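In what follows, a single structure is set out as structure tokens and then discussed.
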Amino acid sequence: MNPAISKNGRRTLWVAFWFLVVFLYAPIVVLIIFSFNDSEIVSFPWLGFTTRWYHDFLANPAILTALRTSLLVATLTAIFATALAVPAAIALVRRKFFAKGLVSGLMLAPLVIPLVVLGISLLILFNALGVPLSPYTAAIGHVVIALPFAILTMVPRLERIPAALEEASRDLGASAMTTFRLITFPLLVPALISAFLISFTISFDELVISSFIAGDQATFPVYLYSQLRLPERLPSVIAVAVVILVVSVIVVVASEVGRFVSERRLEAQTGMAADEYGSLRSGKG
Amino acid sequence: MSDTTPAISIRGVTKRFGDVTAVSDVSIDIREGEFLTLLGPSGCGKTTTMRMVAGFEDPDMGNILLRGDDVVGVPPNKRHVNMCFQNYALFPHMDVQQNIEYGLKLKKVPKDERARKVEEMLAIVRLEGYEHRKPGQLSGGQQQRVALARALVNEPAALLLDEPLGALDVKLRKQMQLELKRIQSELKTTFVYVTHDQEEALSMSDRIAVMNAGVIEHLGSPREVYERPATPFVADFVGVLNAAELTVTSVENGRAVMTVNDRDRVIAPAEGLNLAAGAKVLAAVRPERIAIAKGRADGGEGSRLTGAVAQIVYLGTLMQFHVDTAAERRFIVHQLSSEASDTIDQGDEVTLTWPVDDTSILTVGD
Chain A
43 MNPAISKNGR RTLWVAFWFL VVFLYAPIVV LIIFSFNDSE IVSFPWLGFT
93 TRWYHDFLAN PAILTALRTS LLVATLTAIF ATALAVPAAI ALVRRKFFAK
143 GLVSGLMLAP LVIPLVVLGI SLLILFNALG VPLSPYTAAI GHVVIALPFA
193 ILTMVPRLER IPAALEEASR DLGASAMTTF RLITFPLLVP ALISAFLISF
243 TISFDELVIS SFIAGDQATF PVYLYSQLRL PERLPSVIAV AVVILVVSVI
293 VVVASEVGRF VSERRLEAQT GMAADEYGSL RSGKG
Chain B
-11 MSDTTPAISI RGVTKRFGDV TAVSDVSIDI REGEFLTLLG PSGCGKTTTM
39 RMVAGFEDPD MGNILLRGDD VVGVPPNKRH VNMCFQNYAL FPHMDVQQNI
89 EYGLKLKKVP KDERARKVEE MLAIVRLEGY EHRKPGQLSG GQQQRVALAR
139 ALVNEPAALL LDEPLGALDV KLRKQMQLEL KRIQSELKTT FVYVTHDQEE
189 ALSMSDRIAV MNAGVIEHLG SPREVYERPA TPFVADFVGV LNAAELTVTS
239 VENGRAVMTV NDRDRVIAPA EGLNLAAGAK VLAAVRPERI AIAKGRADGG
289 EGSRLTGAVA QIVYLGTLMQ FHVDTAAERR FIVHQLSSEA SDTIDQGDEV
339 TLTWPVDDTS ILTVGD
């Protein structure tokens, strides 16, 4: 603990921290509680425990269709965003070229453009080109917003793969393509998985752009939003939200843990020299 | 290809990065089987020179020939040289065997032959039984050996080593120096070695090219470079050097005499130098060439300087005397501790003497 902070200061920080935790997670906790409340009105008093809202949504074909649409859109988004992020990240990390700052700014711009603006522009663009709206156009829109996140997930990993590894591969007779296939790509896999999952999550809960360009096949968030108008549907919507929440948390935690572990491994393996720990470990293994 | 074709021939090579000239009109012929060291401080162009031979940089001017063929513009994967990188650059996701056979696999060498060659190489670098370790499970010295094996298994026309021992501690470094020399003489591969460590260069090389600011200042055997440095920079960079600015008082019998006062003088061989009385020169002598004696000594026909001992430093095998001399310079004198006189103390008047041939004239002014 930082000795420069006084006792009062420490107490203030402690309070601020717990305030933040409550502020962030209280709504989620409330959501989970009400998903099990045996009442059509989402408010206290607690009328008993039930799992009927979960049964309800599983029996509702509209919800399942919307889920399937979202899974399709999110999968397509994740595949394309990840695939496009690889060359983009390599260019940003490994190459020197004219106006690199500008190019990287342009690639990351969707981070700061309001989604409403993007949604409307895409709608106008697709109309002008005569492209019918569908889950595929929604996926195109989602690739635009997921790409910066995919790139930013890959850049730090790539920065930690020493360029000398690629040079060594070239030196030993591999072409640039072979070097990518045998050296860069395998070392990049953990970041690819992270980028895939992050893009998937971004697409899966995206509402604004989908509401403009998903056409008449509503994605899951669009469907949920439309259901809010019908009070009797609300409890099963909440149940769905809880399921998605749990699945997302598991996926994101798994990807981050996986990335952390492989980063540690890469560090140990490309470090200047193995330390005592390394030789002990090899002795056991 | 005749036997006299150099393994590597660098001809008038120049490389600029923006406004900075990293390498300026460098030419060297590196003989087959030679151990050549590019020695110099960081930024002197030694690594750039090596990277141009490997194909990672293209020269702006000049030619690079590998066994007689010009390779400028040929990508690194098409050049028959291999490199050992500073931090080894072993592939972390492959084990020792996969690392070493990487080059062979790309050349589509059949599996049995690959396994046999990897085994041979592991024996040469003394890492038998480590085939299935990952680089992360090896010590620095072991990683270094794998890097060597990975390069040498391809039987390159030359092996390029970029400060390969820089990351090792002193003791391991000394050991690896001997190992490298042994491997080189066993395989008779041409080694081009880049380092800023003069001791490393002196102990391992057949020839040393001392580089400074993009040019080769001296190319010669370790002995030549150390004992007859071509320029003040070389003299200063390689080893400890005592240098004093003196005026030539007479030149006779191929010897330049620089009188300091009625007792003290420095005498140097002057053949090949256009010297006349009155010329200002920079004369230099190595610390271990100087004999030190208490009081006023004669010292025969060589150089003789009197001075006062400012400091005595004990360095284990060596005793180091710092002497303020009549030549208005502090000279450093090395004596073997076992032979050094115990009677000399700080503040004592001493006489430094050394033979004529141990003085070199580094620069001649007017």
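Going line by line, the protein sequences match chains A and B.
All you need for the numbering used here is the position in the first sequence, starting with 1, plus 42.
The letter at position 190 of the second sequence is residue 178 when you use the numbering used here, and the numbering goes up by one with no holes.
Note that CB positions come from ideal geometry on N, CA and C, so glycine has one too.
Bear in mind the structure is a predicted one, so any value in this text is a computation, not a measurement.
- Counting only runs that start and end inside the stretch 258 to 336 of chain B, there is no alpha helix (DSSP H) element of at least 4 residues.
- Rounded to the nearest whole angstrom, the C-alpha separation of Val141 of chain B and Leu171 of chain A is 59 Å.
- Listed in chain order, the non-local C-beta contacts of Asn75 of chain B below 7 Å within the same chain comprise Ala155, local neighbours out to five positions each way being set aside.
- Taking a contact as a CB-CB distance under 8 Å, the pair Leu113 of chain A and Ile251 of chain A does not count as one, their CB atoms being some 17 Å apart.
- Boundaries of the beta strand (DSSP E) harbouring Gly0 of chain B: Ile(-4) to Phe5, taken from the DSSP string.
- Contact of Pro204 of chain A with chain B is assigned, a C-beta pair being separated by under 8 Å.
- Boundaries cannot be given for His184 of chain B, as no beta strand (DSSP E) includes it and DSSP labels it neither H nor E.
- Judged by DSSP in its simplified three-state form, Trp342 of chain B adopts strand.
- Nearest Cα to Tyr302 of chain B within the set B:Ala281, B:Ile255, B:Ser329 and B:Ala10: B:Ser329.
- Residues of the stretch 19 to 49 of chain B with a C-beta less than 7 Å from any C-beta of chain A: Ala42 and Phe44, listed in chain order.
- Contacts with chain A at 8 Å (Cβ-Cβ) do not include Met246 of chain B.
- With a threshold of 8 Å between beta carbons, Pro228 of chain A makes contact with chain B.
- For Asn262 of chain B, the closest C-alpha among the options B:Thr177, B:Arg133 and B:Glu240 is that of B:Glu240.
- Here the C-alpha atom of Ala271 of chain B lies approximately 17 Å from the C-alpha atom of Val311 of chain B.
- Contact of Lys159 of chain B with chain A by beta-carbon distance below 8 Å is absent, the smallest such distance being about 13 Å.
- With a cutoff of 8 Å on beta-carbon distance, Thr178 of chain B and Glu151 of chain B are scored as not near each other.
- Exclusion of the five residues before and after Ile203 of chain A leaves Leu229 as the residues of its chain whose Cβ lies within less than 6 Å of its Cβ.
- Less than 8 Å separates the beta-carbon of Ala216 of chain A from that of Asn65 of chain B.
- When the beta-carbon positions are compared, Ala146 of chain B and Val59 of chain B stay at least 8 Å from each other.
- Asn79 of chain A sits in a strand when the DSSP states are folded into three classes.
- Under DSSP, the beta-bridge partners assigned to Ser238 of chain B are B:Val245.
- The DSSP-derived three-state label of Leu148 of chain B is strand.
- The three-state reading of DSSP puts Ile203 of chain A in coil, since its state is none of H, G, I, E or B.
- For Phe23 of chain B, the uninterrupted beta strand (DSSP E) run begins and ends at Phe23 to Leu27, by DSSP.
- In the DSSP assignment, Gly208 of chain B falls within the unbroken beta strand (DSSP E) covering Val203 to Gly208.
- Only those residues of the stretch 73 to 98 of chain B whose C-beta falls short of 7 Å from the nearest C-beta of chain A are listed: Phe73, Asn75, Ala77, Phe79, Pro80, His81, Tyr90, Gly91, Leu94 and Lys95.
- Straight across, the Cα-Cα distance linking Glu233 of chain B with Thr247 of chain B is about 12 Å.
- Residue pairing by DSSP puts Ser348 of chain B in a beta bridge opposite B:Ala272.
- Bounds of the alpha helix (DSSP H) holding Asp98 of chain A are Arg94 to Leu100.
- Counting C-beta atoms within 10 angstroms of its own C-beta, His184 of chain A has 16 or more neighbours from the protein chains shown and is therefore classed as buried.
- For Leu118 of chain A, there is no enclosing beta strand (DSSP E); the enclosing alpha helix (DSSP H) has its first and last residue at Pro103 to Arg136.
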